[in-house]
């Protein structure tokens, strides 16, 4: 833990915007350097212009690659482009428009020239395709999500509305890197003024905000007078929260409406960096303090929420429980939704990632529902959310979405605004906070201890970890319990997990290589307490080391 974690950022913590923006246009990436190539992770290509990892050349090449990919897939309808509040997002947005328009793509941008949350782009894609738009609609979101202010990000959402699958992103990245190697020969481009003049518009905010009653019981929230404090954390949801409150008659206050690409108002995350991670107690210190300083002992809000920069993640703060652990809130959301959505089919499943809490497994079993356990990456929930076979899909990193009241698709990408508002519905309908409801789940199912730690690993070791098979694990016990399962493929869809998961009756661990650092991540959980969790973590390192050496 950094000594200033949770404390307000100082001037020396802030990014030099002039240097950042100058580097975007002036630095030319070296495609022979792996760190300067286009690489799509679980949420698109990310990097900083200061590291020659997110520069104009990257965006021009990647956009051209997306144009060619969508043409190969027969997608010829409108492409919606949104951006968040990171400093590199606007120049990347401009670069993308220059290439899209030059290639004859029908581009739609925000009609208010504002910021666009990721879920609003997903909602727009699905809405247009549901109306039968000719050629199919898809989208690009310019965002590095919760990453620090020095970073930029660029991701593609196909006509399914959710994150592009691995096959698509591999092709896009390969073509983008080929264009980089050819010094952008093959990239079409027009001046920005021409591109902006030829682009069409779409009212992302109105369509998204006005449609919320189809997925949430906002009338119950209004009737109950739930006091909501919403902190956009300086992100793309900043213009949405006030409109949500006014259009639906909610007692809603935008706690902090400030937008600053340096994020000077943020408190430092656990590692001392500015990071808009709404699931981090350190990054959410300001909102937690607001909830703890109520008049006469009463908190100013019944529910307070935070979102990351593109609003695809949620953070929930309650007067009695403080900032909820993301796994805890996912369990509560699942328990509540499947008891209060009679329009959902009896066979509708619950989706979770392989590294999410097993509390979810126990809740799902108690509901008599089917569990769909998939690898990390929201893209794995897209098919089920699209056809209605999955009612709820959630990740341990505080990202989730769910179906409308009638069991049809809302979004196929993570929706932090939706999950934040659900907390107010839970409060209104049950009269109890989400943290109170989690305490009831603990009484019924046990109290799991959960943590994630990192262990050093070379690039070669990370590659071996990603390619392990169950037979590589020679241990038969873990922290005193018999190992009941070793998984290298997710049981929900048979996809490779990019690592392994080892399971016992009351505990588990999962190990996955980091995509950006020379470490692997160990996720672990135990229903036998913190001491047992520590044993699981210690033995997990040994299990992985022996598997890598085999």
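Numbering (our numbering), first residue to last: 83 to 632. Ideal Cβ placement from N, Cα and C applies to all residues, glycine included.
Would you tell me roughly how many angstroms separate the C-alpha atoms of residue i and residue j, rounded to the nearest one?
{"i": "residue 210", "j": "residue 219", "result": "7 Å"}
{"i": "residue 264", "j": "residue 257", "result": "11 Å"}
{"i": "residue 315", "j": "residue 570", "result": "37 Å"}
{"i": "residue 460", "j": "residue 547", "result": "22 Å"}
{"i": "residue 557", "j": "residue 625", "result": "7 Å"}
{"i": "residue 266", "j": "residue 144", "result": "10 Å"}
{"i": "residue 580", "j": "residue 253", "result": "19 Å"}
{"i": "residue 393", "j": "residue 272", "result": "31 Å"}
{"i": "residue 436", "j": "residue 616", "result": "20 Å"}
{"i": "residue 351", "j": "residue 533", "result": "17 Å"}
{"i": "residue 409", "j": "residue 428", "result": "24 Å"}
{"i": "residue 310", "j": "residue 401", "result": "12 Å"}
{"i": "residue 204", "j": "residue 236", "result": "15 Å"}
{"i": "residue 497", "j": "residue 319", "result": "11 Å"}
{"i": "residue 142", "j": "residue 614", "result": "51 Å"}
{"i": "residue 133", "j": "residue 304", "result": "48 Å"}
{"i": "residue 560", "j": "residue 622", "result": "8 Å"}
{"i": "residue 281", "j": "residue 543", "result": "47 Å"}
{"i": "residue 361", "j": "residue 184", "result": "40 Å"}
{"i": "residue 97", "j": "residue 293", "result": "37 Å"}
{"i": "residue 442", "j": "residue 262", "result": "44 Å"}
{"i": "residue 430", "j": "residue 471", "result": "5 Å"}
{"i": "residue 554", "j": "residue 426", "result": "42 Å"}
{"i": "residue 620", "j": "residue 182", "result": "51 Å"}
{"i": "residue 582", "j": "residue 592", "result": "6 Å"}
What residue does the alpha helix (DSSP H) around residue i start on, and which one ends it?
{"i": "residue 200", "result": "200-212"}
{"i": "residue 482", "result": "Element bounds for residue 482: not the alpha helix (DSSP H) but the beta strand (DSSP E), 481-484."}
{"i": "residue 400", "result": "Run containing residue 400: none in the alpha helix (DSSP H); it sits in the beta strand (DSSP E), 396-400."}
{"i": "residue 512", "result": "498-512"}
{"i": "residue 362", "result": "Unbroken run through residue 362: none, as it is neither H nor E."}
{"i": "residue 543", "result": "541-548"}
{"i": "residue 522", "result": "516-527"}
{"i": "residue 356", "result": "It is not in any alpha helix (DSSP H) - residue 356 carries neither H nor E in the DSSP assignment."}
{"i": "residue 144", "result": "138-154"}
{"i": "residue 624", "result": "612-631"}
What is the residue span of the beta strand (DSSP E) that residue i lies within?
{"i": "residue 593", "result": "589-595"}
{"i": "residue 538", "result": "531-538"}
{"i": "residue 239", "result": "233-239"}
{"i": "residue 434", "result": "431-435"}
{"i": "residue 607", "result": "601-608"}
{"i": "residue 192", "result": "189-192"}
{"i": "residue 372", "result": "Per DSSP, residue 372 belongs to no beta strand (DSSP E); it is in the alpha helix (DSSP H), 367-374."}
Can you check DSSP and say which residues form a bridge with residue i?
{"i": "residue 585", "result": "567, 590"}
{"i": "residue 220", "result": "161"}
{"i": "residue 104", "result": "Beta-bridge pairing links residue 104 to no other residue."}
{"i": "residue 262", "result": "Looking at the DSSP assignment, residue 262 forms no beta bridge with any residue, so it has no partner."}
{"i": "residue 650", "result": "The structure shown does not extend to residue 650, since the chain is modelled only from 83 to 632, so the question has no answer here."}
{"i": "residue 283", "result": "191"}
{"i": "residue 412", "result": "For residue 412, which the question treats as bridged, DSSP gives no partner whatsoever."}
{"i": "residue 183", "result": "Looking at the DSSP assignment, residue 183 forms no beta bridge with any residue, so it has no partner."}
{"i": "residue 672", "result": "Only positions 83 to 632 of the chain appear in the structure, and residue 672 is not among them; the question remains open."}
{"i": "residue 559", "result": "564"}
{"i": "residue 576", "result": "Its beta-bridge partners do not exist; DSSP assigns none."}
{"i": "residue 477", "result": "481"}
{"i": "residue 90", "result": "349"}
{"i": "residue 405", "result": "399"}
Can you tell me whether residue i is buried or exposed, with buried defined as 16 or more other CB within 10 angstroms of its CB?
{"i": "residue 423", "result": "buried"}
{"i": "residue 100", "result": "exposed"}
{"i": "residue 138", "result": "buried"}
{"i": "residue 216", "result": "exposed"}
{"i": "residue 628", "result": "exposed"}
{"i": "residue 603", "result": "buried"}
{"i": "residue 596", "result": "exposed"}
{"i": "residue 233", "result": "buried"}
{"i": "residue 83", "result": "exposed"}
{"i": "residue 375", "result": "exposed"}
{"i": "residue 213", "result": "exposed"}
{"i": "residue 572", "result": "buried"}
{"i": "residue 507", "result": "buried"}
{"i": "residue 359", "result": "buried"}
{"i": "residue 249", "result": "exposed"}
{"i": "residue 131", "result": "buried"}
{"i": "residue 632", "result": "exposed"}
{"i": "residue 165", "result": "buried"}
{"i": "residue 421", "result": "exposed"}
Inset, instruction - Ignoring anything shorter than 3 residues or poking outside the region 440-474, list the beta strand (DSSP E) runs there in chain order. - result: Runs of the beta strand (DSSP E) inside the region 440-474: 453-456.
Legend entry - Uninterrupted alpha helix (DSSP H) stretches inside the region 297-354 (no shorter than 4 residues): DSSP runs (the alpha helix (DSSP H)) wholly in the region 297-354: 300-306, 320-329.
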